[in-house]
Amino acid sequence: KAGVTQTPRYLIKTRGQQVTLSCSPISGHRSVSWYQQTPGQGLQFLFEYFSETQRNKGNFPGRFSGRQFSNSRSEMNVSTLELGDSALYLCASSTDRGEQYFGPGTRLTVT
Amino acid sequence: AQTVTQSQPEMSVQEAETVTLSCTYDTSENNYYLFWYKQPPSRQMILVIRQEAYKQQNATENRFSVNFQKTAKSFSLKISDSQLGDTAMYFCAFKGQDKSYGGSQGNLIFGKGTKLSVKP
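If you read the protein sequences in the order shown, they are chains P and L. Throughout the first sequence, residue numbering follows the numbering used here, covering 378 to 488 in sequence. Throughout the second sequence, residue numbering follows the numbering used here, covering 1322 to 1441 in sequence.
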């Protein structure tokens, strides 16, 4: 089976812009979760989608949003980018046993 | 709220030797899952091993094994016959029961990580 894929792998944006990141889960996995990884805060949970519905949400401002499509692919959007949004954004798809398998991540740099 | 603590920011081990990484967690839930993930310099997060809290038997995956102490809320990872390719950040993670099953939430809560260096 193909693993979790994320596009783009690298992104450079300017403060105030918005960005959309994409994640394709492993075939058959219905749950997709998003995490932000920074040197200071470590790995923090953003949100989880299951069958096109947001099932869980972390403690991030409303500028961070996401959605899931009928084929389980997911996108996350960050509006009005801030310098502090620079991070590695990781997507993970889950089995029914709760194991989460991660994609390679999208490295976002905000200048 | 659940928390995960990894008290060793960095560790090093000689190739072929054994090393143990520590992890403690805090939760009021009885049913949950614990994981160790490895993140090499490529940044790809790789699942190493998984443990269900209701299972008393410690999980093993080839050279990787855990020591799960539920009462003490401790979940250490032992790497035997360390190899150069084991050099990576190792994250301990907790996952509670999904809300639909009466748990708090279903996302992973990570520790800060332990940077492991395997020396030739």
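Heads up, the beta-carbon is just placed ideally off N, CA and C, and yes, glycines get one too.
Relative to Gln-1323 (chain L), the option among L:Tyr-1353, L:Gln-1390, L:Gly-1406 and L:Tyr-1411 whose CA is nearest is L:Tyr-1353.
The alpha-carbon of Phe-1412 (chain L) is positioned some 31 Å away from that of Arg-392 (chain P).
Tyr-1346 (chain L) does not reach chain P, its nearest Cβ partner there being about 15 Å away, counting only Cβ pairs nearer than 9 Å. Neighbours of Leu-1398 (chain L) in chain P, taken as residues at a C-beta separation under 9 Å, are lacking, since the least C-beta distance is about 16 Å. Following the DSSP letters along the chain, one finds Thr-488 (chain P) in no beta strand (DSSP E), marked with neither H nor E. By the CB criterion at 8 Å, Ser-1343 (chain L) and Gln-1360 (chain L) fall outside the cutoff. For Lys-1399 (chain L), the enclosing beta strand (DSSP E) begins and ends at 1395–1400. The residue from L:Ser-1349, L:Val-1325, L:Ser-1438 and L:Gln-1404 with its alpha-carbon nearest to that of Phe-1356 (chain L) is L:Val-1325.
Using a 10 angstroms sphere on the CB of Asp-1347 (chain L), the tally of other CB atoms stays under 16, which defines it as exposed. Annotation: the continuous beta strand (DSSP E) that includes Lys-1416 (chain L) extends over 1409–1417.
Not one beta carbon of chain L lies nearer than 8 Å to the beta carbon of Phe-437 (chain P). Around the beta-carbon of Arg-474 (chain P), fewer than 16 other beta-carbon atoms lie within 10 Å, marking it exposed. For Cys-400 (chain P), the uninterrupted beta strand (DSSP E) run begins and ends at 396–401, by DSSP. Distance from Lys-1440 (chain L) to Gln-1335 (chain L) at the Cβ level is roughly 6 Å; contact confirmed, criterion being Cβ atoms closer than 8 Å. With a threshold of 8 Å between beta carbons, Asn-1352 (chain L) makes no contact with chain P.
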